[in-house]
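Student: This is the structure I want to talk about, given as structure tokens.
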Amino acid sequence: MVTYRTQYSDNAVALAAGWVMVEPGARGHDLVNSHGDYDGVAPAAIVDLKAATRYLKFNAGRVPGNTEQIVVTGLSAGGALAALQGASGDVAAYDPYLEAIGAAPASDSVWGVASYCPITDLDHADRPYEYCFGTLPVGGSTGDEVDQTLSAELIELFRQYQDGLNLSYRGFGALSADNYSEFLLKQFLLPAATRYLSSLTDAEVEAYLAANPGISYANGQAQPQSGAQLVPARRHHRHQHLPGDHGEPRGDHPGPGRHRELLHVLGRQPRLQLRRARVHPVVLRPRPPPASGRLAPQVLTHRRRGFHSPHPRSRGEARNGLEIKCYAAP
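Pasting the structure below:
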């Protein structure tokens, strides 16, 4: 199973279910080669992921697992790449790029895709983002708000875009930017909160409500507190970054050029370690499970040939190799 790396991964559950996890590295948008050229511009990321898939299939029988049942997963920008990989298996347009980096002569199609909130509609992505977060202070909890005149213009563009989609939902009616918050609240958030709170003890409910003053719970139903605006966040509440929130600013933010594809798993231990590395000629070094019965990685290292990409901004050397660690339950 292959996934785009996030700071949270449930590795143990996937391993227990029999999945093998593989995390290949990929060039990112900020990668600069020895000539000072940016080497990670499109289509570098998807080409690298396809090359990793080909490498696994080329080594079928020597790597753990069934290489004909590869599932790629990803979140946000990684979700977009996962979707792209699933939709473009064995597409000939990528062949010149794959040949240029010395990809193995094998299929790069995948068996399945699990794509979480993929960022794919980039032509319109700034509009809904502004609708949700445009009135928040810069930096999350401190600082000044962004230019509200420009923000209002983008939000209006989202309203027009949303209206133009002519969306509707059974039992609710037409959807628009004006009632989208009410729709999400009534159809999804409150029912989910009701299900969750109904599963708790009285003491747990009391503790939850104390920690979440924007919601109330009475007669078996969750409701927003009077005056509280639960969605969208842009209206009244400063954004609080949650553990899985990839909007959180951090140095290794998983954007389109920084992500690394990883085999998706559930659980936090053992951590997958998929990284770019300077490695030596193609070698497969299987390691038997230790006596302790703990997970033993099989390390696959692969060095690309001197790289001359058809892409005009990617010319030059790219000798960074790809190290893949496959984890399988012993």
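In full-length UniProt numbering, the protein residues as written are 1 to 330.
Where a beta carbon is used, it is the ideal one built from N, C-alpha and C, also for glycine.
What you are looking at is a predicted structure, and each value in this text was computed from that prediction instead of being measured.
1. Compute the distance between the beta-carbons of E130 and S151, then report whether it is under 7 Å.
2. Between P128 and the rest of its own chain, which residues show a CB-CB distance below 6 Å, the 5 nearest in sequence each way excluded?
3. Which of the three DSSP states is assigned to S216 in this structure?
4. Leaving aside the five residues before and after A52 along the sequence, list all residues of the same chain whose C-beta is less than 6 Å from its C-beta, in chain order.
5. Can G36 and R27 be called in contact, C-beta distance under 7 Å?
6. Does the distance from the C-beta atom of Q223 to that of T194 stay below 7 Å?
7. May I ask you to report which of helix, strand or coil DSSP gives S88?
8. Given this structure, state the Cα-to-Cα distance separating Y55 from L200, to the nearest angstrom.
9. Can you tell me which residues form a DSSP beta bridge with Y116?
10. What are the partner residues of G173, as DSSP defines its beta bridges?
11. How many Å lie between Y161 and F183 at the Cα?
12. Hey, how far is the Cα of K50 from the Cα of G214?
13. Does Q148 come out as helix, strand or coil in the three-state DSSP assignment?
14. Mind checking L75: buried by the 16 CB within 10 Å criterion, or exposed?
15. Select from L81, D108 and T73 the residue whose C-alpha is nearest the C-alpha of Y94.
16. What three-state label does DSSP hand Q225 in the structure shown?
17. Using alpha carbons as the reference points, say which of N59, S34 and A45 lies closest to A82.
18. For V63, which three-state DSSP category applies?
19. Do Q85 and V71 count as a contact pair if the criterion is CB distance below 7 Å?
20. If the criterion is Cβ atoms closer than 7 Å, does the pair K186 and A106 meet it?
21. Looking at G134 and I101, is the spacing between their C-beta atoms short of 7 Å?
22. With DSSP as the reference, label P24 as helix, strand or coil.
23. Helix, strand or coil: which one does DSSP assign to V13?
24. Helix, strand or coil, according to DSSP, for P105 in the structure here?
25. To the nearest angstrom, how far is it from the Cα of L122 to the Cα of P43?
26. Helix or strand or just coil, what does DSSP make of P128?
27. Give the secondary structure of P137 by DSSP, where H, G and I count as helix, E and B as strand, and everything else as coil.
28. What residue from A125, L190 and G65 has the CA that sits closest to V20's CA?
Tutor: On the basis of the supplied data:
1. Taking 7 Å as the Cβ cut-off, E130 and S151 qualify as a contacting pair.
2. F158.
3. Correct three-state label for S216: strand.
4. The residues are P24.
5. For G36 and R27, no; Cβs fall outside 7 Å.
6. Contact flag unset, no.
7. S88 falls in the coil class under three-state DSSP.
8. Distance between the alpha carbons of Y55 and L200 is about 48 Å.
9. Within the DSSP bridge table, the entry for Y116 names L75 as partners.
10. In the DSSP output, where bridge partners are listed per residue, G173 has Y169.
11. Whole-angstrom Cα-Cα distance: 17 Å.
12. Between the C-alpha atoms of K50 and G214 there is a straight-line separation of about 45 Å.
13. Helix at Q148.
14. Around the C-beta of L75, 16 or more other C-beta atoms lie within 10 Å, and the residue is accordingly described as buried.
15. That would be D108, whose Cα lies nearest to the Cα of Y94.
16. The DSSP-derived three-state label of Q225 is coil.
17. Of the candidates N59, S34 and A45, the one whose C-alpha sits nearest the C-alpha of A82 is A45.
18. In the structure shown, V63 sits in a strand (DSSP, three-state: E or B).
19. No; because the gap between Cβ atoms is not below 7 Å, this pair is not in contact.
20. Taking 7 Å as the cut-off, the Cβ atoms of K186 and A106 do not count as close.
21. No. Outside cutoff.
22. Note: P24 maps to coil in three-state DSSP.
23. Helix.
24. The DSSP-derived three-state label of P105 is coil.
25. Just so you know, the alpha carbons of L122 and P43 end up roughly 16 Å apart.
26. Three-state result, P128: helix.
27. If DSSP states are grouped into helix, strand and coil, P137 belongs with the strands.
28. With distances taken between Cα atoms, V20 lies closest to G65.
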